[in-house]
Structure formats: C-alpha cells, structure tokens
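Chains as they are written, first to last, in our numbering: chain A, 15 to 203; chain B, 1060 to 1372. We put the CB at the ideal spot given by N, CA and C, even for glycine. Below is one structure, written out as structure tokens; the observations come after it.
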Amino acid sequence: MGLLGVLFGRNKLRKADREQFFSIVTAAVSLRGRTDLRPSDRAGIVFNPVESQFFEELEAELRDLLRVSAHATGTRYEIKDDGYGTRWVVLDDRDFEDLVATIHLVAETVTEHGFGDRLLAAVFGFDYKGERAYCVYNMKRGRFYPFVLSGEKERDNAAEMRLCALMEEEKIPVESSLERWYALWGIPF
Amino acid sequence: MRQRSYGRDRELTLRMAFTGFLLLLVYMAFGLLLLWAGINPIFMVVFGVVMVAFQYFGSDKLVLLTTGSRAVTPEQEPRFHAMVERLAAMADMPKPKKLAVMETHVPNAFATGRNPKKAVIVVTRGLLARLDEGEQEAVLAHELIHIKNRDVMVLTWAGLIVIMAGYLMQMLFWMSLFGGFGGGGRDRQGGGQAVMIMLGVYVGTIIIYFLSQLLILTLSRYREYAADRGSAILTGAPLHLASALSKLSDDMYRIPEKDLRQVKHANAFFIVSALKGDKMAALLSSHPPVEKRIERLRNMQRDLERPSIFTGI
C-alpha cells in the first residue's frame, strides 16, 4: 500500500493476477510419469462473496455456465461454503486440462462481472506420498505454493518444502516468502 | 477491464487531510511559541521521541502484559487462527505474528503492533462466545485493516506533540512551584517581564496540549471509520460489522475502554474532567458513536446494491 493509502487509511482489494496461472498445465504434463505425486482429479476456485444482488446474478450465471460445461467436458461441479466466509466451486474431472480450463472460465466470468478482486485462489488437489496435497495459486499474488495436510488439522511442512522444490523444477512460479503460504483450512475436497 | 468500485470515501479523506493540516499548524504554533520564549527544545524533543519510540517498539509486548491477554496457538484456537489467516490472505497481508485472547466476558477486540509483521490481534473470550461467525469475521477484518493502515504508527507519531507539550507543561508547573519563574528577581522590571513570558508560554502550551489532543482524537475517530470501511470491503458484507457493533456497544459503555491505540500521556492536570457533558464527551472520545458507524455501514450496503457503482477502469 502506498504512502497515501496509509495516510488516509484507504483500502481496496487487490485485483486477481492470473498471468502465471497456466504454468500448471505444462508442469502437470511433465509430472505425469511420477508415482509419488498424482492428481486427485479435483480442483477448486475459492472466492469471497459480496452481499449484493449483482453478486447473486453472477452466481446464477456461474451455475448456468458450469452446467453447460459439465455437459460438454464431463466436469462435475459443486458450490460449497467453507465456514470461513469464503465460497468454493469444486470441480471433479479426470482430465487435468479440463479442470484448468473450467477454473479459468469461472475466474473470467467473475472478473467480467466486476468482481475480480473477490477471487482468492485456485486450488488443485494431489496425492503426495499418501498425503492430501494441494497446489494453491494465490490470485492476489499471482504465485503458487504447496499446502500439504498430514492429518485433518496439521500441515506437513517438510513435505511442503519437498513439493516446493519439485514445483520449482517444473518452472512453476512459486511464492518466495513463506509467510504468504497461507493455510487454507476447510478445503472441501 | 470492468471493476466494481466501492467508491472512495472522499469526504473521509478530506476530513483526514484537514485534521492533519490543523495538526501541522499546531506543531508550527508550538515551534513559534518556543522560539518566542527562547526555550531550547532539544530536551523536550529527545524526551518526546524516546517516549514515542518506547510506545512504538514496545506496543506489541506491552499490550499483552497490561491487559493480561494470553497468546494462543493454532492448536488452542484453530477457528480464530483460521479465520484471521483467511482474511489476511484476502487482504494480501501477512498473518499477524500473534493472536491473543483476553479472558473476560465483555465482547471486544483490538489490534496493536508497529507493522503488519509484528502485529497482535487480541479478542476477548466474550467476543468468541457471543458473536456469530459473520460478525466475528467482520470484527477481525476491522482489526486487520487497522494493522494494514498502520494506525499504531500514524497515531503514535502524530501524538509526539501531545507528549512534548505535556512534558513542557509539567516542567513549567514544577518551575513555578519552586520559584523558577522570577529568575532570582534581582531586577524587578526584568523579573516581571520574565514572569509574563513564562505565563504566556504556560498558557500557550496548555492550549496547544489540548488542541493537539483533540485533533489526535479526531484523527483516531476518522481512522475508525476507515477501518470499518476497509472491513466491509474485505468481507463483502457491511451489515455483519454493523450487527457486531450494535452487539458490542450494548456492553461496552459499562467497562473502561482498554483501547491502547489511544495515545495516552500526561492526563495529569485537570481539564478532561472539567469538560464533561454530552457534546464534549463525543469530542473527547477516540471512537465515533456507534450509531454513526452503523449508519455509514448501511450506506455502504446501499451502494453495493446500486448499479451506478459500476465503473470502467
């Protein structure tokens, strides 16, 4: 935030930065042969809804779009609240590229409606050595980071560091400051 | 790209700028007064800066000590931590260093710490128990925005003049008690003049002390409005904060305010108690009246439902 922002206490949410988002696609292709890291066939996009009729219109349109795309690509979808004020569109598809494309479609629609600043993250589920792992794309920062769960409420930091190295190898832009590896509790998939 | 804009609060920005300008004038008046009286300000400035730096660097530790709050780990309070972390991600700021709970049934919360990384958010047990999910989220967002806006920094450093003027006031008070005013009194005429100058400085300092105090309290109230606004934008639900505020205000007046953002120093002399009365109470409060805050949040909700906020960017 700039000096004027601090002096006058002005606040805006940062707009979504989707520039690096598609780097996950090529990475996923080259990771295909691995046995320790497998896509869970599920992904999601999480946003913070606004209490406004315009946002309700947006959500209605999203549902229509998802229904249509489910027809075309076979991607199943669900919309869920996580109890932390954020809402998820959860997608289920064996084709990783379909997951990426559908998330992009959702993000695009949200942005078109003028709510791009409400997008928080896109999350891809993986199975990493038997643990629930997620590749999180933080829309505010335009960077990926790993989030690995060893239990219901426990993060496996060691596994996250290993996964991070793997992501960097695949040229995925990883969030460099560790304090921005926000825990996303309550991921509904 | 189209972007839904929540509209800047121009009026609030203007008011803050005007208050800042007035504060600057008071600083200048203080400087002129010292120059006129031939007082070397160096001790006062050093004292003021040391005091402010102490507040500034110690605020995060001090707050936990003086309020008896206890830092809680994610294992102890998973929901509290998860909620703050989610909001911090949304606001694109680091999660505050410490989250703490104060064991009292009165619902309240505050934030302190000189920068986002050192920040502490404290909530009372009552807040966690009595507010619903949306309301808690709104209150936490409000505190996060205080941190993001660096209100501790802005208000502590703006308060430098209060500390300096307070210091000078005390010095003059003690000097007058021990007969320092006359400067020995050998030359009656010169002594009389010196007394007049000292009296002038004394009165001037008192005026500056209370003017700057008033201005800083005003600034503090405006920053509350700004944090309310930021919270509403962050959660996307202005009315959650509105309902939280009305719940908090029910109990709040019954307890002494433990808000450490308020710059407190040298309440020593008399005037605060002499200025009681409803209008004065509003002027001397670090927070705007809850009804006004709620009204502003309602207006924000109305704005969210209006098509005219659609702006091209």
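Quick check: the Cα distance between Ala57 (chain A) and Arg1361 (chain B), rounded to an integer number of angstroms? 35 Å
*If Arg1288 (chain B) and Ser1345 (chain B) are in contact, beta carbons under 8 Å, what's the gap, nearest whole angstrom?*
The Cβ separation is near 17 Å, so there is no contact.
| query | Considering Glu92 (chain A), what are the terminal residues of the beta strand (DSSP E) in which it resides? | reply | Arg90 to Asp95
Exercise. Are at least three pairs of beta-carbons, each pair with one atom in the stretch 1283-1303 of chain B and one in the stretch 1091-1109 of chain B, less than 8 Å apart?
Worked result: no
- prompt: Should Ile38 (chain A) and Phe138 (chain A) be called a contact, given that it needs their Cβ atoms to be closer than 8 Å?
  reply: yes
If we define contact as Cβ-Cβ less than 8 Å, is Asn1208 (chain B) a contact residue for chain A?
yes
How do the stretch 1192-1203 of chain B and the stretch 1163-1178 of chain B stand: do at least 3 beta-carbon pairs fall below 8 Å, yes or no? yes
Range of the contiguous alpha helix (DSSP H) that encloses Lys1154 (chain B)
From DSSP, Lys1154 (chain B) is part of no alpha helix (DSSP H); its letter is neither H nor E.
Leaving out the 5 sequence neighbours to the left and right, which residues in its chain are closer than 8 Å to Leu1071 (chain B) when beta-carbon positions are compared? Tyr1281, Tyr1284, Ala1285 and Arg1288
Kindly list, in the order they appear in chain B, the residues whose Cβ is closer than 7 Å to that of Val64 (chain A). Gly1295 and Leu1363
* Asked: At a Cβ cut of 9 Å, what residues of the stretch 85-109 of chain A count as close to chain B, listed as they run along the chain?
  -> Asp96, Gly97, Tyr98, Gly99 and Thr100
Contact set between Asp1151 (chain B) and chain A, taken where Cβ atoms lie within less than 9 Å
Leu27, Arg28, Asn152, Lys154, Arg155 and Arg194
Rounded straight-line distance, which links the Cα of Ile186 (chain A) to that of Asp141 (chain A): 18 Å
- prompt: Is the Cβ of Ile1098 (chain B) closer than 8 Å to any Cβ of chain A?
  reply: no
query = For the candidate residues B:Phe1237, B:Leu1083 and B:Arg1138, whose alpha-carbon lies nearest to that of Glu1192 (chain B)?
reply = B:Arg1138
Looking only at its chain, what residues have a beta carbon closer than 8 Å to the beta carbon of Ala84 (chain A), apart from the 5 residues adjacent to it on each side? Arg90 and Tyr91
What are the partner residues of Phe138 (chain A), as DSSP defines its beta bridges? A:Ala57 and A:Cys149
Practice task
Following the continuous beta strand (DSSP E) through Leu1123 (chain B), name the residue where it begins and the one where it ends.
Solution key: It is not in any beta strand (DSSP E) - Leu1123 (chain B) instead sits in the alpha helix (DSSP H) that spans Ile1101 to Thr1126.
Query - Residues bridged to Leu51 (chain A) [DSSP beta-bridge criterion] - result: A:Tyr142
ask   = Count the other CB atoms within 10 Å of the CB of Leu1342 (chain B); is the residue buried (16 or more) or exposed (fewer)?
value = exposed
Nearest to Phe1089 (chain B) (by Cα), restricted to the options B:Ile1222, B:Trp1233 and B:Thr1294
B:Ile1222
> Measuring CB to CB, does Phe158 (chain A) end up less than 8 Å from Met175 (chain A)?
Replying inline: no
### Message
Under 8 Å, Cβ to Cβ, is there at least one residue of chain B near Phe22 (chain A)?
### Response
yes
Going by DSSP, name the residue or residues bridged to Pro160 (chain A). A:Cys149
- Query: Considering only the beta carbon of each residue, do Asp170 (chain A) and Glu145 (chain A) sit closer than 8 Å?
  - Reply: yes
field: Residue range of the unbroken alpha helix (DSSP H) whose run includes Leu105 (chain A)
entry: Premise fails: Leu105 (chain A) lies in the beta strand (DSSP E), Arg101 to Asp106, not in any alpha helix (DSSP H).
Between Lys1207 (chain B) and Met1152 (chain B), is the Cβ-Cβ spacing less than 8 Å?
yes
- What residue from A:Ala30, A:Phe22 and A:Thr40 has the CA that sits closest to Glu183 (chain A)'s CA? A:Thr40
Checking 8 Å against the spacing of the C-beta atoms, do Leu1231 (chain B) and Val1260 (chain B) come in under that value?
yes
Just checking: is the beta-carbon of Ala197 (chain A) within a distance shorter than 8 Å of some beta-carbon in chain B? yes
| request: Would you mind working out which of A:Ser44, A:Leu21 and A:Arg132 sits nearest Lys29 (chain A), comparing C-alpha positions? | output: A:Arg132
**Prompt:** In chain order, what residues of the same chain lie with their CB nearer than 7 Å to the CB of Leu1093 (chain B), ignoring the 5 residues before and after it?
**Reply:** Pro1100
On the CB-based measure, 16 or more other CB atoms within 10 Å of its CB, does Trp102 (chain A) come out buried or exposed?
buried
Can you look up Asn133 (chain A) in the DSSP assignment and give me helix, strand or coil? The sequence shown places Leu at residue 133 (chain A), rather than the Asn named in the question. Reduced to three states, the DSSP call for Leu133 (chain A) is strand.
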